[in-house]
Structures are given as structure tokens and as C-alpha cells.
Amino acid sequence: MVKKILIQILLLVTSLVASGQIIPTPRSMERKEGAFVWDRPARVVNNLKDPRFDSVKEYVSLLPDSLVTASKKNNVPTIRLVQGKVDEFAGDEAYELDVKPEGVEIKAGSPAGLFYGIQTLLRLREISRDRTIGCLTIKDSPAFGYRGFMLDVSRHFFPKEFIFKQIDLLSSIKVNVLHLHLVDTGGWRIEIKKYPQLTSGTAWRTHSDWREWNKAGGNFIPRDEGGYGGYYTQDDIKDIIKYASLHQMEVIPEIDMPGHSSEVLAVMPSLRCDGHTSKWTAEMCLGNEQTYRFCEDVLDEVISLFPSRYIHIGGDECGIQAWSGCSRCKALMEREGISGPDRLQSYFTKRIGEYVHKRGKTIIGWDEMLDEDLTPDAVIMSWHEDPEGRDKIIRQGHPMILSSEGHFYLDYYQDYPLVEPVCFGGYTPLRKTYQFDPYEGLTGDTALVRGLQCNLWTEAVETPEHAERMIYPRILAMAQISWSGAEHKDYEEFISRVKAYGSDMARHGYHPFDISEEFGPRPGSNVTVSSLSRGKAVSYLKPWSGNFPATGESTLTDGIIGDWGMNGMRWQGFDAVMDVTVDLGEPMDIHSIQTSFMRNSFTSMLLPERYEIQVSDDGDSFSTLYSLDFKAKDTREYCIENFGWSGRGKTRFVRVTASHPSGWCWLMCDEIIIR
Ligand SMILES: [Zn+2]
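Taking the numbering used here, the leading residue of the sequence shown gets 723, the next gets one more, and so forth.
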């Protein structure tokens, strides 16, 4: 009897541990007595007559021999896959999982539901002791239908085998969309039969390292001359789509247009605006009918390859400089009554959107695509860290996918930059991704929020190992919120599950960042410090950079110290020159004036080389209190350096100027602390 009780306690503990280690958390889980022992390959039986379920049967047949067997012997563990009705309000991907001593049953109305039931079961086995899974019933379904991951294969190319490996893991945490950013400045990565010059001419380049390549002029060279890169043939694309569909993932292609297209212009110079021969010009000429023909031809091939209901057409970060001075663009504006070059993209998007729509697909584009003329079913993928902008998208009635830069950009630092590989300038630790609130600031119809997505841009990410370090574990937080919802959060509980996942991932040959070694936020950041300058007015003799406004004119005296990255609204950026004056309101005794600057040379954020503090009682005539010609001793990619003065003085106005002679960089400052 005692032994039986002990076994039951052990099983209860096992199932408690088990439930605590599933990401994303199932919607409901009821533990029961007894256990299912899956210590030998299991026989999988099913009632799946509907051909829609063939993908599930094929997936099961590909599971390793250590897990499943075709043996019909009676003494093997049994798993039943059942097509059947589950909670009718739970949506397409719902499933029920029933673990009993005599066998497991997974029931769902859709292939995706069955697949996710299998994933939960596989996870339960992975974390079980002695392959013994405590009996339980799980009823599960996702909060959001869209749970995505974007991989930028243009800045660095990743072979299809790498993608297969990520699909294995991503689908196991119930991510259901793979968005491939296939074309951009770094190279065109998809075979287009009508325009072979796209890949032959831009899929290989002179340098693998992004910055070295840019410094050397950004040139493409043929593969057989030692070029670095690669592309997917149409057969490769079919392989990726097939593999993804076996894992219930939709593959969405992105053909970024009409900007981010310098690689297209490199091999199709006739699509340039006239007078714009610079290889850094990234916008195709919108006054040239050939541009539309080219985009439509490419989309024809892409649409015939990808079964996805969506085609992503990018649309981000278009400059209007080339269009402004181009005779063909001007002629188009006159012909069509377009009010200015800033309205040309809207015209282009409308035409392309209608073209895609006629072929039975829906367009997705980044925030910049939003426009009152946009076709109503178009989906906006919102990367801007801007709740008001997101609200505007849904108030205009567009479905929205949230991939907010500050929470879901995986190319940003996830820990103390000096112990991390070089990154783009942001800081997005796991905690921040986890804390994302999909509904923040939304007043429109929140049903238009279709889901979430993590994006891995790869300028600084060259190797598969590095890519995996950036993806995992942060994407677990996105998976958790998008499947289980954002209502009930407990970071300490979540991170304990993440740690368990991390060691399992490493055991399976992945390279996640080890969250148990996390250094954490910048000491003293994001808390308020007291000073004489806090809350005081700042006047800008040169405006801050439009790229890094932070919180505007209150940034430098809000009393809040910045974190490791430029994406937390704490660091204000200046185009090579910062020149600001703090008005203390009345003359005050001072003994210290301190400012910090952040360097991230990968993203052209540098330290000032000239720094000066001047003081004044009337705000007109200033005298120099302190000046410095600075040559950094620390030459690392990243650092935060303090500049300042201490002594004795009395003043009302404090003017701080800092500059870098290159004229082509940002100076990043978080706070002016006067005491
Ligand atoms: Zn033009």
C-alpha cells in the first residue's frame, strides 16, 4: 500500500513537472491517476479517412524508429489519432489529448490540431522520467491564429537544411508561419526563371562580412570567382514548402518592393530613376512601366510556387529622393493626378495589390504601406514600436500582425553587449519579449490583431550557430504569448520553463543563448535618478535625429538612465552633432555635469571626439567650463563612455556640445545629469 502511494506521489510530481515545462502553456490540463509508459516504439493508429489528414500520417511515418513502429504486436504502447469534434469555439487548431495507462488519444477536427496534440505529447515524453507520462487530459487551442517567424536570407544566405532544422523546433512550439525575407540589398535569393540575372548577378558577393562588403563598395561577383552567398532554386523552395506543410507551417514569401531593391537595380539598371546611378539608391522607378511588368512577372512565378494565402510585398523604408528628381516619375504624377512623390508608393501599392488580389492572394506589407487607398483586405505587419500607429491600422480596418521592433526583433542584443556577439543596436532581453502586450493602446476592433511574429534580420548574423543563438530562447516568449495569450504572465515561472527547454535544445544540437548565464540589464538603468536637471527644459540648437527621437525634448532630463540598447526610448540620437542647453530655471550651485554616450560601431553609433560644456547666467553669453578632445582607448564594437565635469560652480544655463568629425554617424545620449 505504502509503495502504491509512493508511486502515485511520484507520478503526480512527474506530471506537475511535466505541465510546468510545456511551452506554450496548454489552455487547460487536468491531471489524473496512473501513467502511460512509452519506453518502446509506439504503434500509431488512426481513423483518418479524409485526405486532408495525409500530411499528419506522413509526418508520423517520418518520426524516428525509436518513437514509433509499424509493429502490430499487442504489447506496444498505442497512440490513437482521431478526427473528431472538439470544442467548437476553440478554432481550427484545437485538440484534445487524453493520456491513459492503456494508451493515448489525440483528437482534433483539423490536421493542425492533431499535429499540435502530437507535439504536446512528444514534449511530455521528452520531460518525463523513465519515459513514463502521468495520466492527464489537455484541452488546448491558440489565442492567435498567426504565430510567425521571419528569417532574412538576403543579408546572409542560409541553406535549406538550416531552415528544415528550424522548422522542426519552431513547429514543436506551435509556430505556424515561416516568413522568408527573400530579396534585399544583400542579394536576391530565389530563382526567377524569367530573370536569371537576378540570382546569377546578385546572389554572390565579394565579402561575407556585411560591413566589410559595404566598405568595399557592395559589389556582387560570380560564384566561380570566389563569391560568397547562394540562392534557392525553385525546387529548393518546393522542398521548403513541403517540409513546412508536413509541420503545419505556412511559408510566406516576401519580395520587398519598391524600395530595398538596390540588388535589382544592380542587374536591371533600366529600372532606375533617371539621373540616379548610385549603387546605394534602393528604389525602383515608379514612372517606368517596365517596373510594374518586372514586379508582376516576379510575382507570377512566386504566386505559382507558394500555396500561401499571403504574398508579402515589403513596402518599408522607401526614400523619395530618386522619384522627386525623375522625369518619368514626374510624368506619371501629372498623368495620374498624383499630388507629390510621397504619394507615388501609394499608387504603386494599389496597382500591385490589385494584381495580387486578382490572382487570389492577399498582400501583406510593413507599416509604411498603410494608406487610405490601400485595398481593404491588405494585412499590415507592424514593426514600428508605436501603439498609436498600431491603433490607426486597425481603426482603418486592416488585419494586423505585430512584430514590434522593440520586442520581436531578434537581431538586437539579448544581454550585456560586451559578452554578446556583435548585434544591431537594440537591447531586447527575453523578459522584454515576454512582456509584450498585443492590445496596448488599441481602441479599434482588436479581433483584427491576427497574431505575432519574431523577425531575425541578419546583417550581423553570418553563421547558423549565431542565428540559433539569436532565435532561441526569445522566440519561446513569442510562442507563449501568441498561443496562450498575454493575460496571465509570471516571468519567474516562465523563465524556469525556458531554462528546461534551453538544455533540451542544446542536447538536440541547437545553439540557444544560455539564459541561466544572463548578466541582465545595465546597472542603474530604467530607474529615476535625482538631479538638479531632472524635469528641466532643454533647448536644441541642432535637432535630434529623426531616426532616434526617444521621448523627444524630455529625454535628456527625464531622470531615466538608458539600458544597453537604442530601442528602449531612452537614448536620443544626433546626426554627428549634439548641441543642447539645459535651463535650470535659476542660478544654482553645481558640482558635477555628467553625460553618457553609447557606441555601437556596427550601426554607426560612435563616441564624440570633441566634447564641451559651457555655462551662462543669462543664456546669451556662455563661458567654457570644460572641453575635451577625445580619442577612445576602448576600441571595442560596443561601449558606454561617461563624459563630464566635476568641481565647484554656480550657473543657470548649461550647454553641452558633442561632435564627431566624420559627419556620418549618430551620437547617442541618454541623460544630462547636473548635480
Ligand atoms: Zn522614376
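From the three backbone atoms N, C-alpha and C, an ideal C-beta is built for every residue, glycine too.
Nonlocal neighbours in the same chain, by C-beta distance under 8 Å from residue i, ignoring five residues either side
{"i": "Tyr868", "result": "Asn898, Val899, Ile1123, Arg1172, Gly1173, Leu1174, Gln1175 and Ser1204"}
Sequence-distant residues of the same chain with beta carbon closer than 7 Å to residue i, five excluded per side
{"i": "Val1024", "result": "Pro975, Ile977 and Ile1033"}
{"i": "Glu752", "result": "Leu858 and Thr859"}
{"i": "Phe884", "result": "Pro1186"}
{"i": "Pro1234", "result": "Glu1190, Arg1191, Tyr1194, Pro1195, Gly1224, Met1227 and Ala1228"}
Distance between residue j and residue i (C-alpha atoms, nearest Å)
{"i": "Ser1323", "j": "Gly940", "result": "18 Å"}
{"i": "Thr1357", "j": "Gly1148", "result": "19 Å"}
{"i": "Phe1130", "j": "Gly1009", "result": "36 Å"}
{"i": "Pro1029", "j": "Asp862", "result": "27 Å"}
{"i": "Cys1040", "j": "Ser1104", "result": "16 Å"}
{"i": "Tyr965", "j": "Ser893", "result": "11 Å"}
{"i": "Leu734", "j": "Gly831", "result": "With a pLDDT of 47 at Leu734, under the threshold of 50, the predicted position of this residue should be treated as unreliable, and no value is reported."}
{"i": "Gly1087", "j": "Trp1388", "result": "28 Å"}
{"i": "Ser1384", "j": "Thr1325", "result": "14 Å"}
{"i": "Gln1316", "j": "Glu1215", "result": "39 Å"}
{"i": "Val1141", "j": "Gly1047", "result": "46 Å"}
{"i": "Trp1137", "j": "Asp961", "result": "Reading off the sequence shown, one finds Asp at residue 1137, where the question assumed Trp. Asp1137 and Asp961: Cα-Cα distance of roughly 36 Å."}
{"i": "Lys1211", "j": "Gln1157", "result": "8 Å"}
{"i": "Trp935", "j": "Glu1187", "result": "21 Å"}
{"i": "Ser1145", "j": "Ala1182", "result": "In the sequence on display, residue 1145 carries Cys and not Ser. Each residue's Cα considered, the two are about 6 Å apart."}
{"i": "Thr1150", "j": "Pro1139", "result": "11 Å"}
{"i": "Tyr781", "j": "Arg1112", "result": "38 Å"}
{"i": "Tyr1014", "j": "Leu1164", "result": "36 Å"}
{"i": "Ile855", "j": "Ile1394", "result": "58 Å"}
{"i": "Leu1306", "j": "Lys1355", "result": "33 Å"}
{"i": "Arg749", "j": "Tyr838", "result": "13 Å"}
{"i": "Ser1338", "j": "Leu1347", "result": "10 Å"}
{"i": "Gly948", "j": "Phe942", "result": "11 Å"}
{"i": "Lys1080", "j": "Glu1110", "result": "32 Å"}
{"i": "Lys1083", "j": "Arg1031", "result": "5 Å"}
{"i": "Glu1094", "j": "Lys887", "result": "41 Å"}
{"i": "Asp1159", "j": "Thr1180", "result": "26 Å"}
Close beta carbons around residue i, own chain, < 6 Å, minus the five adjacent residues each side
{"i": "Arg1117", "result": "Gly1166"}
{"i": "Gly1281", "result": "Thr1250, Val1251 and Arg1256"}
{"i": "Phe1070", "result": "Pro980 and Leu1008"}
{"i": "Ile1042", "result": "Pro1063 and Asp1064"}
{"i": "Gly1128", "result": "Glu1107 and Asn1289"}
{"i": "Ser1261", "result": "Thr1303"}
{"i": "Ser783", "result": "none"}
Which listed residue (the options) has its alpha carbon closest to that of residue i
{"i": "Leu1254", "options": "Val1376, Thr907 and Arg749", "result": "Val1376"}
{"i": "Lys1264", "options": "His1106, Glu1308 and Ala1380", "result": "Ala1380"}
{"i": "Pro944", "options": "Gln956, Glu1275, Val989 and Asp1019", "result": "Val989"}
{"i": "Gln956", "options": "Glu1056, Leu904 and Leu1027", "result": "Leu1027"}
{"i": "Ser1247", "options": "Gly1369, Arg1292, Ser1218 and Val798", "result": "Arg1292"}
{"i": "Val804", "options": "Ala816, Ser793 and Tyr1014", "result": "Ala816"}
{"i": "Ser1318", "options": "Lys779, Leu1328 and Gly908", "result": "Leu1328"}
{"i": "Ile1237", "options": "Arg1153, Gly756, Trp760 and Thr842", "result": "Arg1153"}
{"i": "Trp1386", "options": "Arg1397, Ile1362 and Pro1330", "result": "Pro1330"}
{"i": "Gly1366", "options": "Val1378, Gln888, Thr1373 and Glu1359", "result": "Val1378"}
Residue i, enclosing alpha helix (DSSP H) - first and last residue
{"i": "His1079", "result": "Leu1066 to Lys1080"}
{"i": "Arg1397", "result": "Careful: Arg1397 lies outside any alpha helix (DSSP H) and carries neither H nor E."}
{"i": "Lys882", "result": "Lys882 to Ser894"}
{"i": "His1129", "result": "Glu1127 to Phe1130"}
{"i": "Asp958", "result": "Gln956 to Leu968"}
{"i": "Trp935", "result": "Trp932 to Lys937"}
{"i": "Ile1362", "result": "Where Ile1362 is concerned, there is no enclosing alpha helix (DSSP H), although the beta strand (DSSP E) it sits in stretches over Tyr1360 to Ser1381."}
{"i": "Ser1030", "result": "Premise fails: Ser1030 is in no alpha helix (DSSP H) and is neither H nor E."}
{"i": "Leu987", "result": "Ser984 to Val989"}
Where the beta strand (DSSP E) through residue i begins and ends
{"i": "Glu1308", "result": "Val1299 to Asn1322"}
{"i": "Ile977", "result": "Glu972 to Met979"}
{"i": "Phe1146", "result": "Phe1146 to Tyr1149"}
{"i": "Lys861", "result": "Thr854 to Asp862"}
{"i": "Val767", "result": "Ala764 to Asn768"}
{"i": "Cys1176", "result": "Val1171 to Leu1178"}
{"i": "Gln1336", "result": "Arg1332 to Ser1338"}
{"i": "Met1006", "result": "Here Met1006 belongs to no beta strand (DSSP E), and DSSP marks it neither H nor E."}
{"i": "Asp874", "result": "Tyr868 to Asp874"}
{"i": "Trp1400", "result": "The displayed coordinates of the chain run from 723 to 1397. Any statement about residue 1400 would go beyond what the structure contains."}
At least 3 beta-carbon pairs within less than 8 Å: the stretch 966-973 vs the stretch 924-936 | no
Is it true that the stretch 1214-1230 meets the stretch 761-776, where meeting means three or more beta-carbon pairs spaced less than 8 Å apart?
-> no
Is it a yes or a no for the stretch 804-822 touching the stretch 784-793, going by three-plus beta-carbon pairs under 8 Å?
-> no
Does the pairing of the stretch 950-958 with the stretch 921-928 give three or more beta-carbon distances under 8 Å?
-> yes
When the Cβ atoms of the stretch 1233-1245 are set against those of the stretch 1262-1278, are three or more pairs found closer than 8 Å?
-> no
Does the stretch 1051-1059 come close enough to the stretch 1003-1022 to have 3 or more Cβ pairs within less than 8 Å?
-> yes
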